[in-house]
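Everything on this sheet refers to the single structure shown next.
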Amino acid sequence: TIALVTDERGKKYATNFPADWRLEVDAATFGSKMPHHLLASALKLRKGTAEARKNFEKTRPSLIAGFGGYPSYPSLSAARAMGLPIIIHEQNSVLGRVNRLFAKAAKYVACGFDRLDRLPLAAEDRKRVVGNPVRNPIKAVRDKPYPELTDTGPINILVTGGSQGARLFGEVIPQAIAQLPDAQRARLTVVQQAREEQVEAVRSAYRDAAVKATVESFFSDMQDRLAAAHLIIARAGASTVTELAVAGRPAILIPLGIAMDDHQTANAEGMVMGAAADVVPEPKFTADMLAPLLLERISNAGVLKARAKASWQLGKPNAARELADLAEQAAGVTGKRDA
Numbered sequence: 002t003i004a005l006v007t008d009e010r011g012k013k014y015a016t017n018f019p020a021d022w023r024l025e026v027d028a029a030t031f032g033s034k035m036p037h038h039l040l041a042s043a044l045k046l047r048k049g050t051a052e053a054r055k056n057f058e059k060t061r062p063s064l065i066a067g068f069g070g071y072p073s074y075p076s077l078s079a080a081r082a083m084g085l086p087i088i089i090h091e092q093n094s095v096l097g098r099v100n101r102l103f104a105k106a107a108k109y110v111a112c113g114f115d116r117l118d119r120l121p122l123a124a125e126d127r128k129r130v131v132g133n134p135v136r137n138p139i140k141a142v143r144d145k146p147y148p149e150l151t152d153t154g155p156i157n158i159l160v161t162g163g164s165q166g167a168r169l170f171g172e173v174i175p176q177a178i179a180q181l182p183d184a185q186r187a188r189l190t191v192v193q194q195a196r197e198e199q200v201e202a203v204r205s206a207y208r209d210a211a212v213k214a215t216v217e218s219f220f221s222d223m224q225d226r227l228a229a230a231h232l233i234i235a236r237a238g239a240s241t242v243t244e245l246a247v248a249g250r251p252a253i254l255i256p257l258g259i260a261m262d263d264h265q266t267a268n269a270e271g272m273v274m275g276a277a278a279d280v281v282p283e284p285k286f287t288a289d290m291l292a293p294l295l296l297e298r299i300s301n302a303g304v305l306k307a308r309a310k311a312s313w314q315l316g317k318p319n320a321a322r323e324l325a326d327l328a329e330q331a332a333g334v335t336g337k338r339d340a
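Going by my numbering, the sequence shown wraps up at 340, each residue one higher than the last.
Encoded structure:
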C-alpha cells in the first residue's frame with residue numbers, strides 16, 4: 002500500500018495522487034526571519050512530526066520517501082527518530098534545504114540530474130541518478146520524429162513560461178521576433194503561453210509583426226504542442242528541462258532569477274553542455290539579445306536537428322521505474338512489488 006503524508010497546502014495539489022490512504026500533518030516554512038514567525042513554524046513542524054510518528058507507530062511503514070519541501074519534514078523527522086528506512090528524491094540540480102537535512106539518514110539520495118550541488122560529503126556514496134518521472138503523454142512524444150525542417154521552410158516555436166515567467170516572456174519575445182528579417186518572420190508559427198492579462202497584448206504584438214501565433218493563458222494539449230515544436234523557449238525548472246529531454250526538443254532556457262540557490266541555472270547545465278540548449282541569464286534576457294540568437298538557431302536546420310538529437314539522448318524516460326526499483330531496494334522488498 003502507498004500512503005501520502007503532506008500538509009494542508011500540499012493536499013490541494015495531490016488530488017490525483019494514487020494513494021491508498023492519506024494523512025494530513027502540520028508543516029511550515031521558515032520563509033520569514035521574524036522571531037515570532039520562526040517560533041510558530043518550528044512549533045508547527047514539531048507538532049507535524051508528532052502526528053506522523055503517532056501514525057507510523059501504528060502502521061509501521063516499510064519505507065518513507067521524501068520529495069523535498071517542508072511538507073516532507075514531519076514524515077522524514079519521525080522516520081529518522083524511529084529508525085525507519087528513508088529514501089529522498091531531489092528533482093533539481095541543487096539539493097533542497099529539507100532534503101539536505103535528511104540526506105545522511107537516507108539509504109539512497111535519488112536525483113533528477115547528473116549534477117547535484119549541496120549534497121553532504123557523507124551522503125555522496127548514496128547518490129543515484131534516476132531522472133525525474135514524467136507524464137505518459139510527454140513520454141509518448143519521445144517516440145515521434147522531430148518535425149520536418151529545412152533552412153527556408155516553416156518552423157514552429159513553443160513558448161512556455163509558467164506562472165512566474167510568462168510576464169517577462171510576453172514582453173520580450175514578441176519584440177525579439179519583430180526584429181527578425183521579413184523572410185524569417187514569414188516562416189514562423191508561434192505558440193505562446195501568456196498571463197491572462199497579457200494575452201490580447203501579445204496577440205496584437207504578433208499581428209503587428211505579421212507572425213502567425215496562437216496565444217493562450219493555458220494549453221490543455223501541451224504534449225501535442227511540444228510534439229509539433231522545432232524550438233522551445235522556456236524557464237529551466239526541473240520538470241521543464243526533464244520533459245524537453247525526454248521529448249527530444251532543443252531549447253533556449255531562461256532560468257528564473259529568484260530561484261532558490263539559483264537551481265534553475267544548475268538544472269540547465271546538462272542540456273547546455275550537451276549542446277541541446279542555450280541558456281540566457283534573466284538580467285540579459287532582452288529583445289536585442291534574443292533576436293540574433295533566435296536568428297542563428299532558426300537559420301540552420303542541420304544544427305537545430307542535431308540539437309534535437311542531443312536533447313533526446315539526454316532524456317531519461319524510465320525514471321519512474323528506476324525510482325520505484327530503488328525504493329524497493331531501500332525497503333528491502335525487491336521482487337515483491339505487490340507487498
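Ideal Cβ placement from N, Cα and C applies to all residues, glycine included.
Query: Short Cβ contact (8 Å threshold) for Met83 with Phe57; Result: yes
Query: Same chain, Cβ closer than 6 Å to Leu324, neighbours up to 5 away in sequence not counted; Result: Ala111, Val131
Query: Cα-Cα separation, Ala4 to Glu198; Result: 39 Å
Query: Beta-carbon contacts of Gly171 that lie in its chain and below 6 Å, excluding the five residues immediately before and after; Result: Ala195, Gln199, Val203
Query: Length-filtered (3 minimum) beta strand (DSSP E) runs lying within the stretch 110 to 158; Result: 128 to 130
Query: Cβ-Cβ distance between Asp121 and Ala141 below 8 Å; Result: The sequence given here places Pro at residue 121; Asp does not occur at that position. The answer is no: Cβ separation not under 8 Å.
Query: Stretch-stretch touch, CB-based, cutoff 8 Å, three pairs: the stretch 257 to 276 with the stretch 145 to 153; Result: no
Query: Local conformation of Arg61 per DSSP, three classes; Result: coil
Query: Same chain, Cβ closer than 7 Å to Lys45, five either side skipped, listed in chain order; Result: Asp27, Ala28, Ala29
Query: Three-state secondary structure assigned by DSSP to His90; Result: strand
Query: His264 versus Leu85 - alpha carbon distance; Result: 30 Å
Query: Ile158 and Ala248 closer than 8 Å at C-beta; Result: no
Query: Anticipated Cβ contact below 8 Å, Val95 with Ala267, distance rounded; Result: 5 Å
Query: Cβ neighbours of Lys48 in the same chain (closer than 6 Å, five flanking residues each side left out); Result: Asp27
Query: Beta-carbon proximity of Arg129 to Arg101, cut-off 8 Å; Result: no
Query: Minimum C-alpha distance to Leu77 - residue among Asn93, Glu52, Lys59; Result: Glu52
Query: Proximity winner among Lys108, Gln180, Arg188, relative to Met290 (alpha-carbon distances); Result: Gln180
Query: Length of the line joining the Cα atoms of Ala80 and Ile88; Result: 10 Å
Query: Close beta carbons around Ala124, own chain, < 8 Å, minus the five adjacent residues each side; Result: Ala104, Lys105, Ala107, Val110
Query: Buried/exposed call for Phe31, threshold 16 Cβ in 10 Å; Result: exposed
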